[in-house]
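A short worksheet on the structure shown next.
Numbering (this note's numbering), first residue to last: 734 to 1434.
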């Protein structure tokens, strides 16, 4: 053989050996590193917990729902009956307790079967390998590849070294996919049998163990006969392994397979527009921070009792409005409640009935607030130096707008005449409110609304005083918060923090507050809005039994297309809206006081537990007794009086000139003897004072 050929063959042999060695080394490194991605550590394996979709909790830690809808509930092995464990071991890995992750006898048997069949006819996956496939190997290699099978073998050995057989079986029974979108034996048991895993029979346990081989092929909902055949095979395997006596197996075979029509949906009953809003925030945070896992705990500001009471109040009130008006179907509602001190959202209801992914009216519906906007007019008036006792005329008014004349009318064409700001707001007098707004300038009113938190477009036209703008329920309710908290604008907050499954905090949010109005003006306006509840359009709240200190305002738009009530206490501001998505009248007598205020009362009575007492006047205010009709200092003959608050230096100094002591004839007792006459005169004066006070109470507005 020529030397050149011999050398070439030698070099080829050496190169082949080098390549083979390199391949072996590469494979060894690949396996050692679990696919060049680093193998899970013992701590990671011990700490692994199958995902339940994360948790969303309320402000007290009570579970509200899931971050993502994962149909799984983890259970400890102690909750899984022995016959359920035996059914899976007999079917999936009968030598589970004897091997160290790989059943080599099963490997040899499966290889022989597949060689004879010239194809894949039998597998050799153990319970540990299936666990590896469904946990740490799930994102490392594609399905049904040799590389993935090798990776499963490597991970199985790691799992067996780290966990006991009982721990492995527990994880497997929670992680395994059992069809119909359900994972784990607890979820599958609830889905197929309507009961927890602790209560399943032997036949039902065999049905569960029949599913891993082909969850879609053997689902009893679609293929009942095929499912029964597979179940009976599992029962036979259990008998073969000595887990069942022959009579027990026969009894289980004879048991009917009954599957409920309704599928199991974890936490579906508690799903809500509020949770959808929370999930949207979580998605945004995950995108910014690059968080991939759904195994998160999301801490919200929601209150579970308040949330459920709000949902009931919206639905029941919308049903009642629709039934009473006998109008077309489709009355909708929305509600949001926040803590005015922090902006924390306590309840959020985006519609009459929840539908996943549907239009959330609290966040997205822009509707005219009507008279619920008037408090911003009167807040601007207070900031301009007026007081609740400032006089204003409530008589018909006409305003020129371009070439047209706008003539706003009071409800039922009833006018107060010469009155005070307090009474004009209490009675929701349109004409008086427009006069106040015109005297200030609409730009001042808009500026006040903006400082308080209204972000929607506001046009500086005369109709803005009566709420001729479109706002969302959330921004309107938030803009009332400064009235309740001493003048601070707050930013609504729904999520306080997001943590990983091991408790590590990934993201936090802090309350945001900024001064929006003087604390004295906030107190004065709240005092005026308390009169709305006691004597005005919001009286329905009292009629429905609410007795705590509160303030608020009704709102009704033209034609009764939108009705509102925004009420507040020192600890909560809540607003309700009702109407149609396509605006149309709710009826001739539709008003916020009649239709929306009762929902607020129901929510507060049934869902709010944090009572906050009454508001305390801040420094810089003084109180005077005035004539309630003209705002001047009251004389002893004024029949309608009120103790009114004023900024120091703005209180009235003149006494009421309208109610003077009546002229009286000479008393007859002057002709009596002096001792008797003095006693009669003193008794008459006392009787007169009592009579005057009685008349004042009768005629008080």
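C-beta: ideal position from N, C-alpha, C; glycine also.
Beta-carbon gap between residue i and residue j smaller than 7 Å
i: residue 1115; j: residue 1095; result: no
i: residue 1460; j: residue 1127; result: Examination of residue 1460 is not possible in this model, given that the chain is present from 734 through 1434 alone.
i: residue 1027; j: residue 1242; result: no
i: residue 1279; j: residue 1178; result: no
i: residue 965; j: residue 908; result: no
i: residue 985; j: residue 968; result: yes
i: residue 1351; j: residue 1252; result: yes
i: residue 1103; j: residue 1290; result: yes
i: residue 1311; j: residue 1259; result: no
i: residue 895; j: residue 775; result: yes
i: residue 999; j: residue 927; result: no
i: residue 1360; j: residue 1389; result: yes
i: residue 1314; j: residue 1088; result: no
i: residue 987; j: residue 1336; result: no
i: residue 1155; j: residue 1185; result: no
i: residue 1113; j: residue 1173; result: yes
i: residue 912; j: residue 948; result: yes
i: residue 1271; j: residue 1293; result: no
i: residue 1332; j: residue 1046; result: yes
Cβ distance (whole Å) where residue i is taken to contact residue j below 8 Å
i: residue 1195; j: residue 1226; result: Incorrect: roughly 36 Å between the Cβ atoms, too far for contact.
i: residue 1037; j: residue 1011; result: That pair is no contact at about 13 Å.
i: residue 977; j: residue 935; result: 7 Å
i: residue 791; j: residue 1033; result: 6 Å
i: residue 1159; j: residue 1125; result: Wrong, their Cβ atoms sit about 13 Å apart, outside the cutoff.
i: residue 1213; j: residue 1306; result: 5 Å
i: residue 889; j: residue 822; result: Between residue 822 and residue 889 the Cβ distance is about 16 Å, and since that is not below 8 Å, they are no contact.
i: residue 859; j: residue 826; result: 5 Å
i: residue 1108; j: residue 1199; result: Between residue 1199 and residue 1108 the Cβ distance is about 12 Å, and since that is not below 8 Å, they are no contact.
i: residue 815; j: residue 917; result: The Cβ separation is near 18 Å, so there is no contact.
Three-state class that DSSP yields for residue i in the structure shown
i: residue 910; result: strand
i: residue 1216; result: helix
i: residue 797; result: strand
i: residue 1370; result: coil
i: residue 1286; result: strand
i: residue 1268; result: helix
i: residue 1045; result: helix
i: residue 1324; result: coil
i: residue 1203; result: coil
i: residue 832; result: coil
i: residue 1032; result: strand
i: residue 1246; result: strand
i: residue 803; result: coil
i: residue 1260; result: helix
i: residue 1311; result: strand
i: residue 997; result: coil
i: residue 1377; result: strand
i: residue 1362; result: coil
i: residue 869; result: coil
i: residue 949; result: coil
i: residue 781; result: coil
i: residue 1226; result: strand
Cutoff 8 Å; reference residue i; Cβ partners in own chain excluding five residues on either side
i: residue 1358; result: 1366, 1367, 1374, 1375, 1376, 1377
i: residue 1210; result: 1069, 1070, 1071, 1299, 1306, 1307, 1308
i: residue 1328; result: 1050, 1054, 1296, 1311, 1319
i: residue 996; result: 913, 924
i: residue 1220; result: 1248, 1249, 1250, 1251, 1252, 1254, 1255
i: residue 799; result: 785, 786, 787, 788, 789, 999, 1000
i: residue 1175; result: 1193, 1194, 1195, 1197, 1198
i: residue 982; result: 968, 969, 971, 972
beta-carbon residue i near the ligand GDP non-hydrogen atom, thresh 6 Å
i: residue 904; result: Of ligands this structure carries none, so the ligand GDP is not represented either.
Cβ shell of residue i (< 7 Å), same chain only, five flanking positions each side left out
i: residue 1302; result: 1281, 1282, 1283, 1345
i: residue 929; result: 919, 922, 923
i: residue 1168; result: 1125, 1126, 1130
i: residue 750; result: none
i: residue 1039; result: 1070, 1079, 1080, 1340, 1341
Contacts around residue i, its chain only, beta-carbon distance under 6 Å, and the 5 residues preceding and following it disregarded
i: residue 1224; result: 1076, 1245
i: residue 904; result: 864
i: residue 824; result: 942, 967, 970
i: residue 1288; result: 1102, 1103, 1104, 1105, 1297, 1325
i: residue 773; result: 869
i: residue 1355; result: 1379, 1381, 1384
i: residue 862; result: 885, 889
Within the stretch 1328-1355, ranges of the alpha helix (DSSP H) (whole runs, at least 4 residues): 1330-1340
Considering only residues of the stretch 1061-1124, which uninterrupted beta strand (DSSP E) runs meet the minimum length of 3 residues and lie entirely inside it, listed in chain order? 1065-1071, 1078-1082
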